[in-house]
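Written out below as structure tokens is the structure these notes cover.
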Amino acid sequence: MRDQALRDQVITIFLAGYETVANALSWTWYLLSENPECERRFHDEIDRELQGRLPTYDDIPRLRYVEMALAESMRLYPPAWAMGRCALHDFQLGDYFLPAKTTVLISQFITHRDARFFPDPLRFDPERFTPEAKSRRAKFTYFPFGAGMRQCIGESFAWMEGVLLLATIAQRWKLRLVPGHKVEPEPLITLRPKYGMRMQVEARMAHVAVV
Ligand code: HEM
56 MRDQALRDQV ITIFLAGYET VANALSWTWY LLSENPECER RFHDEIDREL
106 QGRLPTYDDI PRLRYVEMAL AESMRLYPPA WAMGRCALHD FQLGDYFLPA
156 KTTVLISQFI THRDARFFPD PLRFDPERFT PEAKSRRAKF TYFPFGAGMR
206 QCIGESFAWM EGVLLLATIA QRWKLRLVPG HKVEPEPLIT LRPKYGMRMQ
256 VEARMAHVAV V
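Using the working numbering, you'd call the opening residue of the sequence shown number 56 and step up by one each time.
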């Protein structure tokens, strides 16, 4: 591999694989902090399933609510909030004619907040991601990892990493948004919190694992 190609691979992993997950986690902590009832269920599941142990890969199937909260967080704040495509040739897409070279933008952020697919769309509700609720929705109404030929190659890794990080951190800590801190999404390539996410960290002493 030449230096330029190596550099390009490293940048891809940083942007596609690191920045996206970091954003997903920031938004998830924020949403849990704003929704204490969901946060309580989240902590309860972690305490019940792990009994103070650090989570491992084998625990993931039992951390259902953690995964549902992460899924719901990526619905409201999809780290990749839009994707672009370029028409190689003239193309008829349903009612739309796309001349060759047209750029088409498809936005997860807009689709995920469409009340036709997600009633009361601005409400944070991990219950939207029970297997039953998911099976009632049409394909492609939720696509934080894209779809089709260029679907995210790191998707399984991201779910694993996200669930394990959330469970590991939440086992010991509770995060609270600093009162008055302004929260606004900044849609760059990824969806960052514009002013950062300032949180106060509280130890959950009763649940600290013995290490
Ligand atoms: C929450 C985490 C992540 C989100 C939301 C996300 C989202 C996406 C999306 C939407 C695409 C498709 C872009 C398009 O079709 O234009 C994509 C592609 C890609 N992702 Fe991810 N991603 C995440 C994590 C990761 C991780 C952990 C890795 C690698 C370790 C990764 C590597 C890639 C690569 C290499 C592509 C390009 C695949 C291709 O074009 O064939 N992503 N990602």
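Glycine residues also receive a C-beta, built at the ideal position from the N, C-alpha and C atoms.
Using the beta carbon as the reference atom, which residues fall closer than 5 Å to any heavy atom of the ligand HEM, ordered along the chain? Ala71, Gly72, Thr75, Val76, Ala79, Pro134, Ala135, Met138, Pro199, Phe200, Gly201, Arg205, Cys207, Ile208, Gly209, Phe212 and Ala213
To the nearest angstrom, how far is it from the Cα of alanine 193 to the Cα of tyrosine 250? Working through the sequence shown from its first residue, we reach residue 193 at position 138. Working through the sequence shown from its first residue, we reach residue 250 at position 195. About 35 Å.
Quick one: is phenylalanine 97 buried, meaning 16 or more other Cβ sit within 10 Å of its Cβ, or exposed? Residue mapping note: residue 97 aligns to position 42 of the sequence shown, counting from 1. So phenylalanine 97 counts as buried.
Kindly provide the ranges of any beta strand (DSSP E) runs that are 3 or more residues long and lie completely inside the segment 141–227, ordered along the chain. 146–148, 151–153 and 158–162
Proximity to isoleucine 224 [Cα-Cα], best of Phe146, Gly107, Glu241 and Glu239: Sequence index remark: in the sequence shown, residue 224 carries index 169 (1-based). Isoleucine 224 has its Cα closest to that of Gly107, out of Phe146, Gly107, Glu241 and Glu239.
Between the beta-carbon of isoleucine 75 and the beta-carbon of proline 154, is there less than 8 Å? Here residue 75 refers to the residue found at position 20 when the sequence shown is read from its first residue. Here residue 154 refers to the residue found at position 99 when the sequence shown is read from its first residue. In the sequence under discussion, the amino acid at residue 75 is threonine, which differs from the isoleucine named in the question. No, the Cβ-Cβ distance between threonine 75 and proline 154 is not below 8 Å.
How is arginine 253 classed by DSSP in three states: helix, strand or coil? Numbered from 1 along the sequence shown, position 198 holds the residue referred to as residue 253. Three-state result, arginine 253: coil.
Helix, strand or coil for valine 265? Go by DSSP, reduced to three states. The count along the sequence shown starts at 1 and reaches residue 265 at position 210. Unreliable positioning characterises valine 265 in this predicted model, as indicated by a pLDDT of 47, which lies under 50. The coordinate reading is nonetheless provided below. Of the three classes helix, strand and coil, the one that applies to valine 265 here is coil, per DSSP.
What three-state label does DSSP hand leucine 243 in the structure shown? Position 188 of the sequence shown, counting from 1, holds the residue named residue 243. Three-state result, leucine 243: coil.
Name the residue from Leu105, Asn78, Ile66 and Leu230 whose alpha carbon lies nearest to the alpha carbon of arginine 130. Numbered from its first residue, the sequence shown carries residue 130 at position 75. Here the closest residue by C-alpha is Asn78.
Taking the DSSP output, what are the residues bridged to proline 248? As a position in the sequence shown, residue 248 is number 193, starting the count at 1. For proline 248, which the question treats as bridged, DSSP gives the partners Pro240.
Along the alpha helix (DSSP H) that carries tyrosine 120, what are the first and last residues, could you check? Taking the first residue of the sequence shown as 1, we reach residue 120 at position 65. 119–131 is the span of the alpha helix (DSSP H), which, as asked, contains tyrosine 120.
What does DSSP give as the partner residues of alanine 137 in its beta bridges? The count along the sequence shown starts at 1 and reaches residue 137 at position 82. Note: alanine 137 sits in a beta bridge opposite Ser162.
Sub-8 Å separation of glutamate 104 and arginine 117 beta-carbons: Counting from 1 along the sequence shown, the entry for residue 104 is found at position 49. Counting from 1 along the sequence shown, the entry for residue 117 is found at position 62. Yes; because the gap between Cβ atoms is below 8 Å, this pair is in contact.
Contiguous alpha helix (DSSP H) assignments of at least 4 residues, all confined to the segment 82–114: 91–105
According to DSSP, is arginine 231 part of a helix, a strand, or is it coil? Position 176 of the sequence shown, counting from 1, holds the residue named residue 231. Note: arginine 231 maps to strand in three-state DSSP.
For valine 65 and arginine 57, what's the separation of their Cα atoms in angstroms? The residue labelled residue 65 in the question sits at position 10 within the sequence shown. The residue labelled residue 57 in the question sits at position 2 within the sequence shown. If you take the alpha carbons of valine 65 and arginine 57, they lie about 13 Å apart.
Between the CA atoms of arginine 227 and valine 266 - distance to the nearest angstrom: On the sequence shown, position 211 is the one that residue 266 refers to. On the sequence shown, position 172 is the one that residue 227 refers to. With a pLDDT of only 45 at valine 266, under the threshold of 50, the placement of this residue in the model should not be trusted; the figure read from the coordinates follows. Spanning the two alpha carbons is a distance of roughly 12 Å.
Rounded C-beta distance between leucine 122 and valine 218? I'm assuming under 8 Å. Within the sequence shown, numbered from 1, the residue matching residue 122 stands at position 67. Within the sequence shown, numbered from 1, the residue matching residue 218 stands at position 163. Leucine is not the amino acid found at residue 122; the sequence shown has glutamate there. Right, their Cβ atoms sit about 5 Å apart.
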